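Novice: For the protein sequence lines, the chains are L and C, in the order given.
Going by this note's numbering, the first sequence opens with residue 207, and the numbers climb by one from there.
Going by this note's numbering, the second sequence opens with residue 722, and the numbers climb by one from there.
From the three backbone atoms N, C-alpha and C, an ideal C-beta is built for every residue, glycine too.
Here the structure is a predicted model, which is why all the values come from computation and not from measurement.
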Amino acid sequence: MIAEAGLAALWFAAALALLQLVLVAMGLTGRKDELLAAVRPVAVAQGLLTALAFAALVTLFLRSDMSVLLVVTNSHSMKPWLYKFAGTWGNHEGSMLLWVTVMGVAGAAVALFERALRRDTHMATLGAQAAISLGFYAFLLFSSNPFARISPAPADGQGLNPLLQDPGLAFHPPTLYLGYVGLSVAFSFAVGALLTRRVDSAFARAMRPWVLAAWVLLTLGITAGSYWAYYELGWGGWWFWDPVENASLMPWLAATALLHSVTVLATRDALRAWTVMLAVVAFSMSMVGTFLVRSGILTSVHAFAVDPERGSFILALLAIYIGGALALFGWRIGTVREGEPFELVSRETMLVVNNLLLSVILGLVLVGTLYPLLTEAFGHKVSVGAPYFDRIAGPIALGLMVAMAAGPLMRWRRDSAAAAGRRLLVPAAVLIVAAVVVGLLAWGRIGILPYLGLVIALATAVASVTPLWRRSLRRTPLFTWGMVIAHLGCAVSLAGMASDSAFTVEKLVAARPGDVIETAGWRLRFVQILPRAGDNWTALQADVEASRGGGSPTMLHPQARFFASPPTPTTEAALLTRWDGQLYVVLGQEADAGRWQMRIWWKPFVTLIWLGGFLIALGGALALVGRERRGWVLKWRARRAVA
Amino acid sequence: MRLLFAILLLLAPVPLLAQTALPPAPYADRQIDDPALERKARTLMETIRCLTCQSQSIADSNASMAGDMRSQIRERIMAGEQPEQIRAWLISRYGDWVSYEPTAAPILWPLWAAPVLLLFAGLILMRGRIGKRRRP
Chain L
207 MIAEAGLAAL
217 WFAAALALLQ
227 LVLVAMGLTG
237 RKDELLAAVR
247 PVAVAQGLLT
257 ALAFAALVTL
267 FLRSDMSVLL
277 VVTNSHSMKP
287 WLYKFAGTWG
297 NHEGSMLLWV
307 TVMGVAGAAV
317 ALFERALRRD
327 THMATLGAQA
337 AISLGFYAFL
347 LFSSNPFARI
357 SPAPADGQGL
367 NPLLQDPGLA
377 FHPPTLYLGY
387 VGLSVAFSFA
397 VGALLTRRVD
407 SAFARAMRPW
417 VLAAWVLLTL
427 GITAGSYWAY
437 YELGWGGWWF
447 WDPVENASLM
457 PWLAATALLH
467 SVTVLATRDA
477 LRAWTVMLAV
487 VAFSMSMVGT
497 FLVRSGILTS
507 VHAFAVDPER
517 GSFILALLAI
527 YIGGALALFG
537 WRIGTVREGE
547 PFELVSRETM
557 LVVNNLLLSV
567 ILGLVLVGTL
577 YPLLTEAFGH
587 KVSVGAPYFD
597 RIAGPIALGL
607 MVAMAAGPLM
617 RWRRDSAAAA
627 GRRLLVPAAV
637 LIVAAVVVGL
647 LAWGRIGILP
657 YLGLVIALAT
667 AVASVTPLWR
677 RSLRRTPLFT
687 WGMVIAHLGC
697 AVSLAGMASD
707 SAFTVEKLVA
717 ARPGDVIETA
727 GWRLRFVQIL
737 PRAGDNWTAL
747 QADVEASRGG
757 GSPTMLHPQA
767 RFFASPPTPT
777 TEAALLTRWD
787 GQLYVVLGQE
797 ADAGRWQMRI
807 WWKPFVTLIW
817 LGGFLIALGG
827 ALALVGRERR
837 GWVLKWRARR
847 AVA
Chain C
722 MRLLFAILLL
732 LAPVPLLAQT
742 ALPPAPYADR
752 QIDDPALERK
762 ARTLMETIRC
772 LTCQSQSIAD
782 SNASMAGDMR
792 SQIRERIMAG
802 EQPEQIRAWL
812 ISRYGDWVSY
822 EPTAAPILWP
832 LWAAPVLLLF
842 AGLILMRGRI
852 GKRRRP
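(1) Listed from N- to C-terminal order along the chain, which residues in the region 449-482 of chain L have their beta-carbon within a distance smaller than 9 angstroms of any beta-carbon of chain C?
(2) Assuming L/T307 and L/N452 form a contact by the criterion Cβ under 8 angstroms, report the distance between their Cβ atoms to the nearest whole angstrom.
(3) Determine the direct distance from the alpha carbon of L/G296 to that of L/N367, and round the result to whole angstroms.
(4) Quick one: residues in its chain with C-beta nearer than 6 angstroms to the C-beta of L/S707, no 5 flanking neighbours on either side, listed in chain order?
(5) Within this structure, are the beta carbons of L/G688 and L/G832 separated by less than 8 angstroms?
(6) Let me make sure I understand the geometry here. Which of C/A800, C/S776 and C/M766 has the alpha-carbon closest to that of C/M790?
(7) Just checking: is the beta-carbon of C/P836 within a distance shorter than 8 angstroms of some beta-carbon in chain L?
(8) Tell me which residue opens and which closes the alpha helix (DSSP H) that C/M766 is part of.
(9) Taking the DSSP output, what are the residues bridged to L/E712?
(10) Compute the beta-carbon to beta-carbon distance between L/L384 and L/L423, rounded to the nearest angstrom, for a pair I have assumed lies under 8 angstroms.
(11) Please state whether DSSP places L/L366 in a helix, a strand or coil.
(12) Could you name the residues of the same chain whose beta carbon sits closer than 7 angstroms to that of C/I728, not counting the 5 residues immediately before and after it, in chain order?
(13) Using only alpha-carbon positions, find the residue among L/G794, L/Q788, L/D749 and L/L521 that is nearest to L/F768.
(14) Counting only Cβ pairs nearer than 7 angstroms, list the residues of chain L close to C/M847.
(15) Can you list the residues of chain C that L/G574 reaches, using a CB-CB cut of under 9 angstroms?
(16) Any contact of the region 660-670 of chain L with the region 625-637 of chain L, i.e. 3+ C-beta pairs under 8 angstroms?
(17) Within 10 angstroms of its Cβ, does L/F446 collect 16 or more other Cβ (buried), or is it exposed?
(18) Where do the ends of the alpha helix (DSSP H) carrying L/P247 lie?
(19) Leaving aside the five residues before and after L/G442 along the sequence, list all residues of the same chain whose C-beta is less than 6 angstroms from its C-beta, in chain order.
(20) At 3 residues or longer, and completely inside the region 718-797 of chain L: list those beta strand (DSSP E) runs for me, N to C.
(21) So L/A592 contacts chain C; which residues on that side make the cut at Cβ distance below 8 angstroms?
(22) Taking only beta carbons into account, state which residues of the region 612-636 of chain L come closer than 7 angstroms to chain C, listed in chain order.
(23) Strictly under 8 angstroms for the Cβ-Cβ distance: is L/T581 near chain C by that measure?
(24) Quick one: Cα of L/V722 to Cα of L/A259, how far?
(25) Does the beta carbon of L/F497 sit closer than 8 angstroms to a beta carbon anywhere in chain C?
(26) Span of the alpha helix (DSSP H) holding C/Q806?
(27) Return the first residue and the last residue of the alpha helix (DSSP H) that C/P823 is part of.
(28) Quick one: is L/D741 buried, meaning 16 or more other Cβ sit within 10 Å of its Cβ, or exposed?
(29) Below 7 angstroms on C-beta distance, what does L/G443 contact in chain C?
(30) In the DSSP assignment, find the unbroken alpha helix (DSSP H) run with C/S792 in it and report its ends.
(31) Quick check: the Cα distance between L/G313 and L/A611, rounded to an integer number of angstroms?
(32) With a cut-off of 8 angstroms, does the C-beta of C/I828 fall near any C-beta of chain L?
(33) With a CB to CB cut of under 6 angstroms and the five nearest residues on each side skipped, what residues in its chain are close to L/T462?
(34) Give the DSSP-derived three-state secondary structure of L/V230 in the structure shown.
(35) Can you tell me where the alpha helix (DSSP H) holding L/Y851 begins and where it ends?
(36) At a CB-CB cut-off below 8 angstroms, which residues of chain L make contact with C/D750?
What follows is the structure, encoded as structure tokens:
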């Protein structure tokens with residue numbers, strides 16, 4: 207009954223999306239206000255219905271209803287409830303339903319809250335949103351029905367991939383999807399503005415909070431995903447340049463560029479066509495990402511819900527939306543008036559440089575990710591991995607960091623080169639001092655990229671807080687704080703990356719209980735190894751006592767786990783976090799009688815990578831609140847005045 | 722009861738582990754004593770694809786074939802071979818697919834040219850935008 211109700215809700219929502227599109231099209235072309243008046247309630251109803259369908263699927267998973275095919279193939283009654291709940295989207299159908307739900311709810315939010323926008327642009331935006339949703343409804347209903355029944359119902363399900371049985375699953379996919387959908391809203395705004403010829407700063411101000419929110423969520427999602435892969439896969443790496451990782455990075459790069467250019471458009475009314483173009487690219491990249499991840503066309507360690515046939519459906523959707531958007535862009539871009547001018551030495555120029563470098567990195571990641579497909583078509587299998595991306599994108603990213611450090615110290619529109627130079631004096635001095643000091647300490651021991659990374663991280667950290675110099679900190683606007691914190695986060699993250707690749711110490715041993723292992727100033731005593739059991743797994747657990755410099759020891763418990771359904775071995779690394787790094791211990795297989803393989807890493811300052819990611823997201827959130835708070839307060843006052 | 726269940730389940734994976742009945746690869750999980758050589762080997766291993774995995778380097782894989790390849794690489798490094806010689810040997814054996822570092826084969830020229838082309842295209846786009854004064 208619940209499954210059928212969910213399916214019905216989904217069909218109704220799809221019908222409402224069609225209605226919404228027709229209403230907007232007829233209302234705008236025929237100038238019929240009575241039709242347009244119905245659009246907002248329809249969008250809200252559609253959002254509620256998708257939420258209902260999603261709630262139905264969650265209920266089915268929580269109840270372990272084994273008459274539903276999706277629950278059978280992806281769940282098990284003995285699983286902890288958190289993974290029953292999060293398992294709802296740990297599979298293809300469920301994750302697409304989550305996507306559609308988020309999209310429906312976001313559409314309702316646009317209908318309810320974006321009334322400051324001109325009415326026709328607002329309506330065209332909702333029409334575009336309905337058009338995008340329709341494709342995804344079709345995809346769900348015709349090729350990936352999450353509510354399909356199975357008869358006869360089996361006694362129990364097949365379980366969830368053990369790698370996914372982690373609190374990260376509850377957080378990471380929904381965050382990324384919210385981000386992707388936020389970009390789809392930005393895309394709808396761009397389409398709406400193009401259709402109604404309203405590409406101006408008012409449009410940019412309406413779009414900006416959506417871009418900012420999407421960007422914050424993407425940042426959090428990628429940061430969390432990176433940390434999850436780092437501790438779950440048990441190999442101490444945090445970024446592999448795997449196709450799925452690249453798929454999540456590309457929308458983030460596009461969103462970062464869009465975020466900066468939409469700010470230029472909102473504050474200075476420049477970069478109009480470019481901002482619209484970036485909105486199209488950002489959404490395209492989230493579609494390309496979904497396609498790459500869902501189709502399984504490229505092999506990946508992180509692909510868990512893959513189906514090649516459905517890939518072609520997404521590819522068709524991709525072609526229709528991107529092709530349509532680019533056609534509209536080409537057709538209407540001539541009507542977009544030129545924005546406000548600016549001079550070579552100005553903050554706008556630095557933001558254009560930022561956009562250029564981000565776009566080049568985005569292009570390289572896209573080319574590098576898809577290139578193996580291209581050569582395979584010619585019968586030549588190649589791999590494009592970390593050596594390519596590090597070597598090619600790494601230096602460009604370092605250049606981007608320099609632009610990021612210098613940009614906020616420039617004035618809008620026009621600046622004198624001498625004055626800008628004076629403001630850059632302190633960061634430049636830090637850069638030189640850091641280059642000499644790091645060079646003296648570590649030259650010859652570390653590679654050129656980690657070296658440059660450390661030096662530039664130090665200099666940009668100083669430069670990113672320089673905009674606060676000689677300002678009253680209490681009167682500095684919240685969005686300036688946001689920018690400073692986000693930029694500082696980039697420097698912090700870069701420092702962590704450089705430090706990890708430069709100074710990590712690895713130790714592989716085959717140890718028996720009682721052995722003492724010394725590495726990187728740590729002393730590890732292998733105490734014992736014992737079997738353990740959880741709800742749906744059993745494990746061998748090693749007890750390892752770690753201490754440093756005569757301090758009090760800490761007990762670590764790395765495990766080699768074995769999950770029963772589906773039968774899979776996994777490793778549970780033990781991590782010990784200290785202010786200056788992380789100790790990472792993995793229990794491997796039995797080497798020979800009584801001796802066990804162990805991998806031990808000391809990773810100096812590796813945690814800065816994710817701390818930086820968190821700071822970036824925090825900065826984005828502060829900027830969002832700072833920019834929008836005034837609007838909220840005004841709206842609230844207006845509403846009170848009416849009441 | 723739980724413990725009994727645990728012990729029963731622990732017996733289950735035994736046949737899986739017994740699959741590696743081949744002579745063990747001595748340096749699969751054992752480091753070279755000389756840290757400089759080990760660093761060389763490690764750097765190379767990080768750029769060699771594990772052929773039986775889903776997109777992982779042999780440095781990051783538990784697969785037995787990855788272990789064999791790690792052992793091969795460490796042994797060859799200790800025998801004095803250079804990393805690029807070993808890479809070439811692996812490529813001749815398994816094809817370009819095995820190296821995460823794209824080779825200089827003609828089919829890969831566009832890939833290596835991509836950064837220059839993209840930067841150039843970007844600069845041309847930018848040139849028209851900057852330094853314009855408001856027209857009278």
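Specialist: In this structure, then:
(1) P449, V450, A476, L477 and W480
(2) On the first sequence, position 101 is the one that residue 307 of chain L refers to. On the first sequence, position 246 is the one that residue 452 of chain L refers to. The Cβ separation is near 26 angstroms, so there is no contact.
(3) Stepping through the first sequence from its first residue, residue 367 of chain L is reached at position 161. Stepping through the first sequence from its first residue, residue 296 of chain L is reached at position 90. So the alpha carbons of these two residues sit roughly 9 angstroms apart.
(4) Working through the first sequence from its first residue, we reach residue 707 of chain L at position 501. The answer, listed in chain order, is P656.
(5) Translated into the one-based positions of the first sequence, residue 688 of chain L becomes position 482. Translated into the one-based positions of the first sequence, residue 832 of chain L becomes position 626. Contact: yes.
(6) Residue numbering aside, residue 790 of chain C sits at position 69 when the second sequence is read from its first letter. C/M790 has its Cα closest to that of C/M766, out of C/A800, C/S776 and C/M766.
(7) For the purposes of this step, residue 836 of chain C is taken as the residue at position 115 of the second sequence. With 8 angstroms as the cut-off, C/P836 counts as an interface residue toward chain L.
(8) Stepping through the second sequence from its first residue, residue 766 of chain C is reached at position 45. Counting along the chain, the alpha helix (DSSP H) containing C/M766 begins and ends at P756 to M766.
(9) To locate residue 712 of chain L, count along the first sequence from 1; it is residue 506. Answer is L/W807.
(10) Here residue 384 of chain L refers to the residue found at position 178 when the first sequence is read from its first residue. Here residue 423 of chain L refers to the residue found at position 217 when the first sequence is read from its first residue. Between L/L423 and L/L384 the Cβ distance is about 5 angstroms, and since that is below 8 angstroms, they are a contact.
(11) Here residue 366 of chain L refers to the residue found at position 160 of the first sequence. In this structure, DSSP gives L/L366 a state outside helix and strand, which the three-state scheme calls coil.
(12) Translated into the one-based positions of the second sequence, residue 728 of chain C becomes position 7. For C/I728, the predicted structure reports a pLDDT of 49, less than 50, and the residue's modelled location is therefore unreliable. A value from the coordinates is still provided. Hits under 7 angstroms: none found.
(13) Counting from 1 along the first sequence, the entry for residue 768 of chain L is found at position 562. Of L/G794, L/Q788, L/D749 and L/L521, the residue nearest in Cα terms is L/G794.
(14) Along the second sequence, one-based indexing puts residue 847 of chain C at 126. What C/M847 touches in chain L: V558 and L562.
(15) As a working mapping, residue 574 of chain L is identified with position 368 in the first sequence. Within chain C, the residues near L/G574 are P823, L832 and A835.
(16) yes
(17) The count along the first sequence starts at 1 and reaches residue 446 of chain L at position 240. Under this definition L/F446 is a buried residue.
(18) Locating residue 247 of chain L in the first sequence gives position 41, where the first residue counts as 1. Residues V245 to L268.
(19) Position 236 of the first sequence, counted from the start, is the residue given in the question as residue 442 of chain L. If we look at L/G442 and ignore the five residues flanking it on each side, its Cβ neighbours are Y790 and W807.
(20) 722-725, 728-739, 743-754, 760-762, 765-769, 774-778 and 780-784
(21) Along the first sequence, one-based indexing puts residue 592 of chain L at 386. The answer, in chain order, is E767, T768, S778 and Y821.
(22) none
(23) Counting from one through the first sequence, the residue named residue 581 of chain L turns up at place 375. L/T581 counts as touching chain C.
(24) Position 516 of the first sequence, counted from the start, is the residue given in the question as residue 722 of chain L. Position 53 of the first sequence, counted from the start, is the residue given in the question as residue 259 of chain L. Each residue's alpha carbon lies about 56 angstroms from the other.
(25) The residue given as residue 497 of chain L occupies position 291 in the first sequence. No, L/F497 does not count as interfacial toward chain C.
(26) Position 85 of the second sequence, counting from 1, holds the residue named residue 806 of chain C. Note, C/Q806: alpha helix (DSSP H), P804 to Y815.
(27) Walking along the second sequence from the start, residue 823 of chain C turns up at place 102. Unbroken run through C/P823: none, as it is neither H nor E.
(28) Walking along the first sequence from the start, residue 741 of chain L turns up at place 535. Residue burial is scored here from C-beta neighbours: L/D741 has fewer than 16 other C-beta atoms within 10 angstroms and is therefore classed as exposed.
(29) Your numbering for residue 443 of chain L matches position 237 in the first sequence. The answer, in chain order, is D781.
(30) For the purposes of this step, residue 792 of chain C is taken as residue 71 along the second sequence, with counting starting at 1. S785 to M799 is the extent of the alpha helix (DSSP H) around C/S792.
(31) Looking up residue 313 of chain L in the first sequence gives position 107. Looking up residue 611 of chain L in the first sequence gives position 405. So the alpha carbons of these two residues sit roughly 36 angstroms apart.
(32) Position 107 of the second sequence, counted from the first residue, corresponds to residue 828 of chain C. By the rule that beta-carbons nearer than 8 angstroms mark a contact, C/I828 touches chain L.
(33) Translated into positions along the first sequence, residue 462 of chain L becomes position 256. Only L564 meet the Cβ criterion.
(34) Locating residue 230 of chain L in the first sequence gives position 24, counting from the first residue. Three-state result, L/V230: helix.
(35) With chain L covering 207 to 849 only, the question about residue 851 of chain L has no answer from this structure.
(36) Along the second sequence, one-based indexing puts residue 750 of chain C at 29. Simply L714, A716, G794, A797, Q803 and R805.
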